[in-house]
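Please read the structure below before turning to the comments.
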Amino acid sequence: MGSNLQALSKTIDPQEDLQVIEDLTEELVHTRDQLVALYQVSQASRGCWQVEQVLERTVETIERLVSARAVLLSIQPEDQDSLTFQTPQNFLDQEILGQVLFCPQGKNLLAAGHFGAVRSVASLRVLVLPLDIRGTTEATLGLVFGKEQQLKSPEIKLARAIADYAGAQIENVLLFQASLELTRLETEMDLAYQVQRRLLPQQVPVTPGLQIWGASRPAHRVGGDFYDFVANAEDLVLNFLVGDVSGKGLSAAMVMAMTRTILRSEIQDTQGENPQVVLQRANSALYEDFLEQNMFATVFVGSYHPQSRLLAFANAGHSPVVYLPVDGAARLLEPDGTPLGILRQTLSVKQSLPLQTGDIFMVGTDGITEAENENGERYGIDRMLDTVHQMKHLPAERLGPQLVDDVKLFRGHRAAADDLTLLVLKAIST
Amino acid sequence: MEFKIRSQDHVQILQFSGSLDSSTVNEARPWLLNATGRHPARVVVDLSQVEFLDSTGLSVLVESKRRALENDGDLLLCGLRQPVRMVFELTRLDRFFEIFRLEAEALAALELQAAG
């Protein structure tokens, strides 16, 4: 425009002057029209955040802005049915409407610099304008004119501008809806987290001659790790279990809750006498479900008898299980049976370990051994055995937290990828 | 993760490289589903280029072996590196899977299975 003003001041031909002024005026009028259109379209959807409402109002507003016979709009959000709007209502048959506005490569057309397309329907001409909406949503605006109406460049530019503004409004509404959905999910996750925290032992059972410490930290809001105590008030036998369901997040957490309940129930039934039977029965009860979900659970079941100081246990594919005798080196106790949900019959046998004062017995999950640092190194079993060995003089209530801290320190800034659970038992003098 | 697949004597040989864990398992699954969906599903998974495997990785292999068995075939593993081998041993999944050092051994085992 600036160069035209300069031209204006230099020219001496009155005919040319008039032409330039006419051209400038026309440009001004078109620009003003576009601004009015922007304002009106953006006002159309003020205060309404339902997608359908926004589309309806937008279509009605556009009808007032252009001299079209009808305004059509179709939108296809990802994974949802398409919606169509037109004003006047029922101007075109639904099927014809769909065909007319069908523009699958719409965004590519826009990217290549086209405004859209012009299509003929009966005695009408439709200006088909794809909308540029972020993501996978497809939307197309159609302006219907009579065949006799001229579609000149300024009209097309105005229509394109309106389509762009409408696209922006729709994008906003879709984003808003998506964030509402996310907030809803977050709240559900928060609730699931609360439930899960309450399923963990709220207290440690008092057992003569034994210090006990346990903790479980999910990597995400909810996890697949668990530990639990089943105390028997009469004979003071301490039954404990630690498990790890494959997978992460909500589905692992749900399977975890089921597994824990069955294990508890079987432990109570067998009175803590036969940890291997507990695993067998739990496997039978849960096998079909695990198969269905394509999951499995590594489980350790232990049972400490204070009178005999005997620790009986059975292990279905679980690690790390560490035994640190008071007068020896720490070692890993390897499982002998497959995890629950792998084979129809588990093969874990019952093992027994007499504990002496000062002995430490620990059961963790791979949140410890698989913890990864910034250099891609894993904490590993050797490091765990070393660390535990150095802490052997500490009581269980200090050893546990210190080991967890050591793992966190090792991880550094890397976020935890696995749930971390640790149960520490230390035999003390009675 | 990188994937290579080739066919030899009616056996699908899948080679994975990198890490088979919760972040890559969704990429690996379609390859495994495809190989184990055939009939008979005779599959060898070469893990010689896999440095790490976690419970999610184990899960997808378990799922795939089951599918192969359902489709009159089997899924065998070969070339496990020490850290990966240890994960199988510690979960005792070395009882569920047949694990071979070399691809040739795995192929021979599948041959025997097919003949028997």
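Sequence lines, in order, name chains A and B. The numbering of the first sequence is our numbering, which starts it at 97 and goes up by one. The numbering of the second sequence is our numbering, which starts it at 32 and goes up by one. Positions of the beta carbon are idealized from the N, C-alpha and C atoms, including for glycine.
#### Entry: Rounded straight-line distance, which links the Cα of A/V333 to that of A/A327
For this step, residue 327 of chain A is matched to residue 231 along the first sequence. For this step, residue 333 of chain A is matched to residue 237 along the first sequence. The alpha-carbon atoms of A/A327 and A/V333 are separated by roughly 6 Å.
### Message
Is there a Cβ of chain B sitting closer than 7 Å to that of A/G319, yes or no?
### Response
Position 223 of the first sequence holds residue 319 of chain A. It does not; no Cβ of chain B falls within 7 Å.
### Task
Please confirm if A/N390 has its CB atom under 7 Å from at least one CB of chain B.
In the first sequence, residue 390 of chain A corresponds to position 294, counting from 1. Closer than 7 Å: yes.
### Query
Does A/K344 come within less than 7 Å of chain B when only Cβ atoms are used?
Here residue 344 of chain A is taken as the residue at index 248 of the first sequence, counted from 1. Judged by the 7 Å Cβ criterion, A/K344 is in contact with chain B.
### Query
Under 7 Å between the Cβ atoms of A/R405 and A/L451?
For the purposes of this step, residue 405 of chain A is taken as the residue at position 309 of the first sequence. For the purposes of this step, residue 451 of chain A is taken as the residue at position 355 of the first sequence. In this structure, A/L451 lies closer than 7 Å to A/R405 by Cβ.
### Residues from the region 201 to 217 of chain A in contact with chain B, defined by Cβ distance under 9 Å
none
### Query
In three-state terms, what does DSSP make of A/Y323?
If you number the first sequence from 1, residue 323 of chain A lands on position 227. It is a strand residue.
### Query
So what does DSSP say about A/S380, is it helix, strand or coil?
Position 284 of the first sequence, counted from the first residue, corresponds to residue 380 of chain A. Residue state, collapsed to three classes: helix.
#### Entry: Helix, strand or coil at A/M391 [DSSP, three-state]
Taking the first sequence and counting its residues from 1, one reaches residue 391 of chain A at position 295. Of the three classes helix, strand and coil, the one that applies to A/M391 here is coil, per DSSP.
### Task
Whole angstroms is fine: what's the gap from A/V418's alpha carbon to A/R427's?
As a first step, residue 418 of chain A is located in the first sequence; it is residue number 322 there, counting from the start. As a first step, residue 427 of chain A is located in the first sequence; it is residue number 331 there, counting from the start. A/V418 and A/R427: Cα-Cα distance of roughly 6 Å.
### Message
With a threshold of 7 Å between beta-carbons, can B/F127 be considered close to chain A, or not?
### Response
Your numbering for residue 127 of chain B matches position 96 in the second sequence. It does: the Cβ of B/F127 has a partner Cβ on chain A nearer than 7 Å.
### Query
Would B/R116 count as contacting chain A if we go by Cβ distances under 7 Å?
Here residue 116 of chain B refers to the residue found at position 85 of the second sequence. B/R116 does not count as touching chain A.
### Message
Check for me: the beta strand (DSSP E) holding A/I171 runs from which residue to which?
### Response
As a working note, residue 171 of chain A is residue 75 in the first sequence. Looking at the DSSP string, the run of the beta strand (DSSP E) that includes A/I171 is 166 to 172.
### Query
How many angstroms separate the CA atom of A/Q139 from the CA atom of A/A207?
As a first step, residue 139 of chain A must be located in the first sequence, where it is residue number 43. As a first step, residue 207 of chain A must be located in the first sequence, where it is residue number 111. So the alpha carbons of these two residues sit roughly 27 Å apart.
### Buried versus exposed, by CB contacts within 10 Å (16 or more), A/P314
Position 218 of the first sequence, counting from 1, holds the residue named residue 314 of chain A. Per the 10 Å Cβ criterion, buried.
### Message
Quick check: is the beta carbon of A/I438 nearer than 7 Å to any beta carbon in chain B?
### Response
Position 342 of the first sequence, counted from the start, is the residue given in the question as residue 438 of chain A. Taking Cβ atoms only, chain B reaches closer than 7 Å to A/I438, which makes this a yes.
### Message
For B/S54, count the other beta carbons within 10 Å of its own beta carbon; 16 or more makes it buried, fewer makes it exposed. Which is it?
### Response
For the purposes of this step, residue 54 of chain B is identified with residue 23 of the second sequence, where counting begins at 1. Classification of B/S54: exposed, given that the 10 Å Cβ count is below 16.
### Query
Can you find a CB in chain B that lies within less than 7 Å of the CB of A/S178?
Here the question's residue 178 of chain A lines up with position 82 in the first sequence. It does not; no Cβ of chain B falls within 7 Å.
### Task
If I'm right that A/V302 touches A/G320 with Cβ under 8 Å, what's the distance once you round it to whole angstroms?
As a working note, residue 302 of chain A is residue 206 in the first sequence. As a working note, residue 320 of chain A is residue 224 in the first sequence. Not really, about 29 Å apart at Cβ, beyond 8 Å.
### Message
Counting only Cβ-Cβ distances shorter than 7 Å, please list the residues of the region 77 to 106 of chain B near chain A, keeping chain order.
### Response
D85, S86, T87, L89, S90, V93, E94
### Message
According to DSSP, simplified to helix, strand and coil, what is A/T465?
### Response
Taking the first sequence and counting its residues from 1, the one referred to as residue 465 of chain A is at position 369. Helix.
### Query
Taking the DSSP output, what are the residues bridged to A/S216?
In the first sequence, the residue the question calls residue 216 of chain A occupies position 120. In the DSSP output, where bridge partners are listed per residue, A/S216 has A/R221.
### Task
Report the partner residues of A/L406 according to the DSSP bridge assignment.
Walking along the first sequence from the start, residue 406 of chain A turns up at place 310. According to DSSP, which records beta bridges pairwise, A/L406 is partnered with A/H401, A/P450.
### Message
Cβ closer than 9 Å: which chain A residues qualify as neighbours of B/L108?
### Response
Locating residue 108 of chain B in the second sequence gives position 77, where the first residue counts as 1. The contacting residues do not exist; B/L108 stays about 15 Å from chain A at best.
### Query
Whose CA, out of B/A59, B/W62, B/V115, B/P71, lies closest to the CA of B/V42?
If you number the second sequence from 1, residue 42 of chain B lands on position 11. Nearest C-alpha to B/V42: B/P71.
### Query
Can you list, in chain order, the residues of the region 291 to 317 of chain A whose Cβ is nearer than 7 Å to any Cβ on chain B?
none
### Task
Would you check if the region 240 to 257 of chain A and the region 207 to 217 of chain A touch, i.e. whether three or more CB-CB distances between them fall below 8 Å?
yes
#### Entry: Proximity below 7 Å, CB of B/E129 to CB of B/L107
Here the question's residue 129 of chain B lines up with position 98 in the second sequence. Here the question's residue 107 of chain B lines up with position 76 in the second sequence. Contact: yes.
### Task
Go ahead and label A/H414 buried or exposed: buried means 16 or more other beta carbons lie within 10 angstroms of its beta carbon, across all protein chains shown.
Translated into the one-based positions of the first sequence, residue 414 of chain A becomes position 318. Buried, because 16 or more other Cβ atoms sit within 10 Å of the Cβ of A/H414.
### Message
Could you pull the DSSP bridge partners for A/P226 from this structure?
### Response
Start at 1 with the first residue of the first sequence, and residue 226 of chain A comes out as number 130. For A/P226, which the question treats as bridged, DSSP gives the partners A/T236.
### Task
Using a Cβ-Cβ cut-off of less than 8 Å, list which residues of the region 432 to 461 of chain A approach chain B; keep chain order.
D432, G433, T434, P435, I438, L439, L443
### Query
In angstroms, rounded to a whole number, what distance separates the CA positions of A/L205 and A/L225?
Residue 205 of chain A sits at position 109 when you count from the first residue of the first sequence. Residue 225 of chain A sits at position 129 when you count from the first residue of the first sequence. If I take the Cα positions, the gap works out to 10 Å.
### Query
Mind checking A/A274: buried by the 16 CB within 10 Å criterion, or exposed?
In the first sequence, the residue the question calls residue 274 of chain A occupies position 178. Flag for A/A274 reads exposed.
#### Entry: Same chain, Cβ closer than 6 Å to A/R360, five either side skipped, listed in chain order
The residue labelled residue 360 of chain A in the question sits at position 264 within the first sequence. So the qualifying residues of the chain are V326.
### Query
alpha helix (DSSP H) containing B/G110: first to last residue?
On the second sequence, residue 110 of chain B is found 79 positions in, with the first residue counted as 1. Where B/G110 is concerned, there is no enclosing alpha helix (DSSP H), given that its DSSP letter is neither H nor E.
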